[in-house]
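One structure below.
2 protein chains.
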Amino acid sequence: MAAPEALLPSALRNRTSYVLVKLTALARQQSAGHVAAWGLNQHQHAILCCLDEFGPACQKDIAARLGVDVGDTVSFVDGLQRAGLILRERDERDRRRQILTLTAAGRRVLGEVEDQLDAAEPGALAALTAAERAALHDYAVRVLAAAMPGAWSADEA
Amino acid sequence: MAAPEALLPSALRNRTSYVLVKLTALARQQSAGHVAAWGLNQHQHAILCCLDEFGPACQKDIAARLGVDVGDTVSFVDGLQRAGLILRERDERDRRRQILTLTAAGRRVLGEVEDQLDAAEPGALAALTAAERAALHDYAVRVLAAAMPGAWSADEA
DNA sequence: TATTGTTATACTCTATAACTATA
DNA sequence: TATAGTTATAGAGTATAACAATA
């Protein structure tokens, strides 16, 4: 995103949806950069998080949980498999399915990515106090929980 | 965005950059829908805002102010011109430039779009109180002002 | 300014293989 | 068994947006 040379119209600066789009472009750019350092994209990072927290799962369940297209999931999983971060094995009980499992290497890489993201976040939001960062996070989750209850309704502890 | 059927990993729910991306996808979807009702996209709406607030300008200045690629601006302006919302006239003093001016129709359409966005915003953020919506907006602007001082440093009154 | 092309992302459609249910 | 219908995965194709390079 090129830095504008002059002030934006107040009609846009006062429009919360516009401001959020720009804020997110910034946040996405930064976090995508960190994840990309391990050759992963955002979706692949999210898939690793799912496998780590909920254990082995088939591609369809992963895609549904993350709200990603099942067709697009194929290439993301291909990349993770090529990198040795996951195993992809036929389910013997239902051979239509392929079960994805985090490997030791995958768990290690995920840990490093998470550590780097943890370290980077305060810097990206340095203009806010810790309490304000938490409030920003809370507001976002509450709006999402109202719009998409299934995925966001639980507490964010 | 398909609604996930199950809860997201906490590693993602607790990651502010991830949450902001999802929140913005929601906000963008909704506001884009409203703007699209007039046959405009987000960039075209932003261009109209610029012309309304700062008066006639050339395409390069508009693009720089909004942080949009000058090449992409061409087709956005084409559409606005076809719809009769702007005039596009050669600058007699520098005929490389084309000066964009809001027409009466453009000003009227912009007013209607703004009214509809004003009406829609509280609904989209209904999970927050008015004070929380204002705080969310303020946090976003402050983070942006720290990252891109030129465009965002002024007060958001 | 305008044109062109590249990349990333998202969505749709179709094909294949393997499951389930039923005659 | 034989058949029909459903589901999981894969791949091709299309559409859009952001971005880069050049005329």
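If you're matching them up, the sequences are chains A and B in order. Take the first sequence: its letter number 135 is residue 135 in this note's numbering, and every next letter is one higher. Take the second sequence: its letter number 103 is residue 1103 in this note's numbering, and every next letter is one higher. Just so you know, even glycine gets a beta-carbon here, dropped at the ideal spot from N, CA and C. Note that this is a predicted model, so its numbers are computed, not measured.
- Ranking A:A134, A:I99 and A:A119 by CA distance to the CA of G55 (chain A) puts A:I99 first.
- Distance from the Cα of A1124 (chain B) is smallest, within the candidate group A:G123, A:Q59, A:L144 and A:R97, for A:L144.
- At a Cβ-Cβ threshold of 9 Å, V1021 (chain B) and A27 (chain A) count as neighbours.
- Beta-carbon to beta-carbon, R1013 (chain B) and V141 (chain A) are separated by about 7 Å, close enough to satisfy the 8 Å threshold.
- By the criterion of a C-beta distance shorter than 6 Å, L80 (chain A) is surrounded in its chain by Q44 and I86, once the five residues flanking it on both sides are discounted.
- Close CB contacts of D1052 (chain B) within its chain, under the 7 Å cut and outside five residues either way in sequence, are with L1102, R1107 and L1110 (chain order).
- The Cβ atoms of T1129 (chain B) and L136 (chain A) do not sit closer than 9 Å to each other.
- Taking 9 Å as the cut-off, the beta carbon of Y139 (chain A) is found no closer than this to the beta carbon of S1031 (chain B).
- For L1117 (chain B) and H1034 (chain B), the gap between their C-alpha atoms comes out near 7 Å.
- Contacts with chain A at 9 Å (Cβ-Cβ) do not include S1075 (chain B).
- In this structure R1065 (chain B) is buried. Its beta-carbon is surrounded by 16 or more other beta-carbon atoms within 10 angstroms.
- Following the DSSP letters along the chain, one finds T24 (chain A) inside the alpha helix (DSSP H) bounded by residues T16 to A36.
- Close partners of E114 (chain A) in chain B (Cβ separation under 9 Å): A1011 and R1015.
- The beta carbon of H43 (chain A) does not come within 9 Å of any beta carbon belonging to chain B, so the residue lies off that interface.
- Counting along the chain, no alpha helix (DSSP H) covers E89 (chain A); the unbroken beta strand (DSSP E) around it starts and ends at I86 to R90.
- The Cβ neighbour count for P1009 (chain B), taken over all protein chains shown within 10 Å, is at least 16; the residue is labelled buried.
- If the five residues before and after T1073 (chain B) are omitted, its C-beta is found closer than 7 Å to the C-beta atoms of Q1059, I1062 and A1063, all from its own chain and listed in chain order.
- In the structure shown, A1006 (chain B) adopts coil according to DSSP, grouped into three states.
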